[in-house]
Amino acid sequence: MAAETFSQSLPQPTVRAFASRRSHVIYRSLQREIVLGMLAPRSALLELELANRFEVSQGTIREALLLLQEEGLVHRMAHRGTVIADCRAEDAEELIRLRHDIECRGVRRAMARRGMALVDDLRHHLAAMQEAAAAGDEYLLSVHDRAFHAGLFEQADLPPVQPVLARCLIHAHRFKILHPDQQRDLLETANRHQVIIDAVAAGDAGAAVEALSHHITTIVDFGPSVLGASA
């Protein structure tokens, strides 16, 4: 099977300079399969098998695997190969706490710098989420959901922190998808972002922080408050 192609309209994550377009397509394909559980946690990925599947060189496969490694979706170990990361509640909980701190502080800075200019982009991402939800495409919904949050934080102008948030976002989505008891209706998932947009549109930073805080801490159910243990 040749490498799958992806719509150019999809939000594009930051890609290291060494990554070719072909390796990026393979990275996106493997990311989808890992997030949806089509490639199971703790299972091995063999470069030669992937090279044959996508009809590319092993070097191209290594580029794709390095991008997945940067997101923490795979672990690459010398002389031991590549293993898909586990998907544990304790990891997801810590990453959600970290995400909460990053986003809730970042939104104030983003609003101070960009104000109402943020709103159109946020509405665009919400519309894309709603379209993916209507199509029943859980992965595409997660892509646009991550783009919503990453795009809002990007305006805080804290580039070294952006990759940290990106990792938090994808692991939270993966955990929710791979644990059916944590899932909710896809359209509800999309529409939960409206209250954030409303607060930003009103220019109310306090309300935006409150909306983001509630949104993040209720992504998955870890009990009365995911922040309680860190208080």
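In UniProt numbering, the protein residues as written are 1 to 231.
Glycine residues also receive a C-beta, built at the ideal position from the N, C-alpha and C atoms.
In the three-state DSSP reduction, M111 falls in the helix class (H, G or I). For G81, the enclosing beta strand (DSSP E) starts and ends at 81-84. Taking the C-beta atoms as reference points, C87 is found nearer than 8 Å to F175. According to the DSSP assignment, M38 belongs to no alpha helix (DSSP H), since it is labelled neither H nor E. Spatial neighbours of L152 in its own chain (CB-CB distance under 7 Å, excluding positions within 5 residues in sequence) are listed in chain order as V107, A110, L118, L122. Taking a C-beta distance under 8 Å as the contact criterion, A51 and Y27 do not qualify as a contact pair. The straight-line gap separating the alpha-carbon atoms of E90 and T217 is approximately 14 Å. Residue range 162-178 is occupied by the alpha helix (DSSP H) that includes V164. Taken through DSSP and simplified to helix, strand or coil, V74 comes out as strand. If you draw a straight line from the Cα of A40 to the Cα of P159, it comes to about 32 Å. Note on L141: 16 or more other CB atoms within 10 angstroms of its CB, so buried under the neighbour-count rule. Taking the CA atoms as reference points, Q130 sits about 10 Å from D137. Annotation note: the region 181-225 contains the following uninterrupted alpha helix (DSSP H) runs of length 4 or greater, listed N- to C-terminal: 186-191, 194-201, 205-217. Relative to H124, the option among H193, V83, L165, R167 whose CA is nearest is H193.
With respect to the 8 Å criterion, L169 and R184 are not classified as neighbours on the basis of their beta carbons.
In the structure shown, L45 adopts extended strand secondary structure according to DSSP, grouped into three states. S23 has its alpha-carbon roughly 31 Å from the corresponding atom of P180. The three-state secondary structure of Q31, taken from DSSP, is helix.
Secondary structure at V143: helix, using DSSP grouped into helix, strand and coil.
Cα atoms of L212 and Q31: separation of roughly 26 Å, rounded to the nearest angstrom. Just so you know, the alpha carbons of I177 and G206 end up roughly 30 Å apart. Shown here for E47: same chain residues with a beta carbon closer than 7 Å to its own, the five before and five after excluded, namely Q58, I61, R62 in chain order.
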